[in-house]
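Numbering-wise, the sequence shown is residues 2 to 433 according to my numbering. Heads up, the beta-carbon is just placed ideally off N, CA and C, and yes, glycines get one too. Read the structure below first, then the notes.
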Amino acid sequence: MSLKKSLIKNTGYNLLGYFYLLLASFFSISILLNHLGRDVFGVYILLVSFISIAAVFDFGISSAVVRKLSLPQTTRDDKIKTWKTSFAIFTVFALILFIGTIAILSFLTQTMSIFTYLDQVTISWSILILAIIIFVNHINTHFLNLPQAEQRFDIFNIKTLLVGSANTLISAFVSGYYPNIAFILFVQLIFHLLTFIYMLIYSLRVFSGSDFTPAYDKQTGRELFSFGLRNFIGTLAGQVESQFSNFMLGATVSARAITSFNIPQSIVAKGAGVISQFAQAFFPLSASLLEKDRIKKLKALVLGVEGLALLGGLVAVALTFIIGEPFLLWWLKDIVVVEAAYPVLKVLSFYFLLVSLTPVPTALLQGLDKPQITSFFAVLTVVLEIGFALVLIPRLGPLGAAYSFLLSVIISIPPFLITTSYLLTKKITEYE
Numbered sequence: 002m003s004l005k006k007s008l009i010k011n012t013g014y015n016l017l018g019y020f021y022l023l024l025a026s027f028f029s030i031s032i033l034l035n036h037l038g039r040d041v042f043g044v045y046i047l048l049v050s051f052i053s054i055a056a057v058f059d060f061g062i063s064s065a066v067v068r069k070l071s072l073p074q075t076t077r078d079d080k081i082k083t084w085k086t087s088f089a090i091f092t093v094f095a096l097i098l099f100i101g102t103i104a105i106l107s108f109l110t111q112t113m114s115i116f117t118y119l120d121q122v123t124i125s126w127s128i129l130i131l132a133i134i135i136f137v138n139h140i141n142t143h144f145l146n147l148p149q150a151e152q153r154f155d156i157f158n159i160k161t162l163l164v165g166s167a168n169t170l171i172s173a174f175v176s177g178y179y180p181n182i183a184f185i186l187f188v189q190l191i192f193h194l195l196t197f198i199y200m201l202i203y204s205l206r207v208f209s210g211s212d213f214t215p216a217y218d219k220q221t222g223r224e225l226f227s228f229g230l231r232n233f234i235g236t237l238a239g240q241v242e243s244q245f246s247n248f249m250l251g252a253t254v255s256a257r258a259i260t261s262f263n264i265p266q267s268i269v270a271k272g273a274g275v276i277s278q279f280a281q282a283f284f285p286l287s288a289s290l291l292e293k294d295r296i297k298k299l300k301a302l303v304l305g306v307e308g309l310a311l312l313g314g315l316v317a318v319a320l321t322f323i324i325g326e327p328f329l330l331w332w333l334k335d336i337v338v339v340e341a342a343y344p345v346l347k348v349l350s351f352y353f354l355l356v357s358l359t360p361v362p363t364a365l366l367q368g369l370d371k372p373q374i375t376s377f378f379a380v381l382t383v384v385l386e387i388g389f390a391l392v393l394i395p396r397l398g399p400l401g402a403a404y405s406f407l408l409s410v411i412i413s414i415p416p417f418l419i420t421t422s423y424l425l426t427k428k429i430t431e432y433e
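Here is the structure:
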């Protein structure tokens, strides 16, 4: 299969799963908002954000494993060592995160006033179930590295189908009969376990017997951590950027302010996610194209996708200003939330325009073994955002959070793109 056909097929699988999740989220957010109420929905958003935050703490091992398994020179023995070492690392990290989640949430639920919207029984069960979800999700991340490296994105997107459905449509349905956060999280846990079972069966077909079981190899571990830690800082910074404003709004403004900011933020994140689906398929492919006679094809692919991303961003800004407010009113059917959320969405549309240009260069730098470049600019972005947020959120609330997002990327993204272009051109020159 040609490079373009392979990339189109893999991106197609990702986009099918992503658009399904996008459509499911579209219906479920408004239902959850109405069933839980503006304030409890804000608390729910804050709690489930811990799943995304915890997923970051693989210390970049996931990307390192995908890259190692994708490289053309990796032998079967190296793949087995990589798999076993990854399994051992993810198991240890999952246990640490399980304990850490319980400890952190036990503290926060006793100190943050927004948790007064929940009774103590609901809080206690929610903490335990969230910790178990985080444990299982971390093990699933290890399993999902294999189909991504093999470019089997039909298998990779099983998690989108199972867990995505549970987090959206099924949670919305359940909330209509029993609007309790702990019960909703329990239903989501069931689908994380189903994903675990499916991926376990798939992985055993590739690594069977003693090749499957976790075992740490020192040399392989050093290689994975060497790449992973350079990539991890950027990934962590991205999650801090995504979640910091929610925590600050909850601590300094109100639970309702989280709702007013998170809904437009989720719209923008899902829009940027469309480009990320391509980047996810592009990452293992880019690693396999790092050869003298193929690297110019890589450059052509990057330029083509970046042009499409820019066009899509401009269209998104235009649509936001033309039909954004009536769309929110029709969707959410809550004028109070819309009045606060629409100004945020207008500001974040420009943020989306810039951020949509970053997923493919990020994947490219990982393939070039330069994840530290992404990490540097990600840290720069989050430092700028936190600085702006500390000044703007107390004065402007959710709108201040939106401006902090926009101002930070205006400063950081242009030099990031210039640096990426320079490194790719330099790599091409080395092969000539």
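- Assignment of arginine 153 by DSSP, reduced to helix, strand and coil, places it in the coil class.
- Taking C-beta atoms under 8 angstroms as the contact rule, proline 215 and alanine 56 fail to qualify, at a distance of about 19 angstroms.
- With respect to the 8 angstroms criterion, histidine 193 and valine 164 are classified as neighbours on the basis of their beta carbons.
- With 16 or more other CB atoms across the displayed protein chains lying within 10 angstroms of its CB, arginine 231 is buried.
- Here glutamate 307 is buried, its C-beta having at least 16 other C-beta atoms within 10 Å.
- In the three-state reduction of the DSSP assignment, lysine 82 falls in the helix class.
- The Cβ atoms of valine 410 and leucine 365 lie no closer than 8 angstroms to each other.
- When the five nearest sequence neighbours on each side are left out, the beta carbons in the same chain lying within less than 8 angstroms of the beta carbon of isoleucine 128 are those of Thr102, Ile103, Leu106, Ser107, Thr110, in order along the chain.
- Counting along the chain, leucine 369 sits inside no alpha helix (DSSP H), nor does DSSP assign it H or E at all.
- Considering only Thr321, Ile134, Gln189, the residue with the shortest C-alpha distance to isoleucine 100 is Ile134.
- The DSSP-derived three-state label of glycine 398 is coil.
- In the structure shown, asparagine 181 adopts coil according to DSSP, grouped into three states.
- A distance of 8 angstroms or more separates the beta carbons of phenylalanine 144 and leucine 98.
- Going by C-alpha positions, serine 422 is about 43 angstroms away from leucine 186.
- In the DSSP annotation of this structure, phenylalanine 116 is not part of any alpha helix (DSSP H), being labelled neither H nor E.
- In this structure, valine 269 sits away from leucine 397, with a CB-CB distance that is not shorter than 8 angstroms.
- For glycine 61, the three-state secondary structure derived from DSSP is coil.
- Contact check for phenylalanine 213 and leucine 205: beta-carbon distance about 6 angstroms, within the 8 angstroms limit, so the pair qualifies.
- When C-alpha distances from phenylalanine 58 are compared across Ser209, Asn138, Ala403, the shortest belongs to Asn138.
- If you ignore the 5 residues before and after leucine 354, its C-beta comes within less than 6 angstroms of the C-beta of Gly314, Val318, all in its own chain and listed in chain order.
- The beta carbons of alanine 310 and leucine 358 sit closer together than 8 angstroms.
- Taking a cut-off of 8 angstroms on C-beta distances, the segment 327-343 does not touch the segment 371-383, as fewer than three cross pairs fall below it.
- With fewer than 16 other Cβ atoms inside 10 Å of its own Cβ, glutamine 74 counts as exposed.
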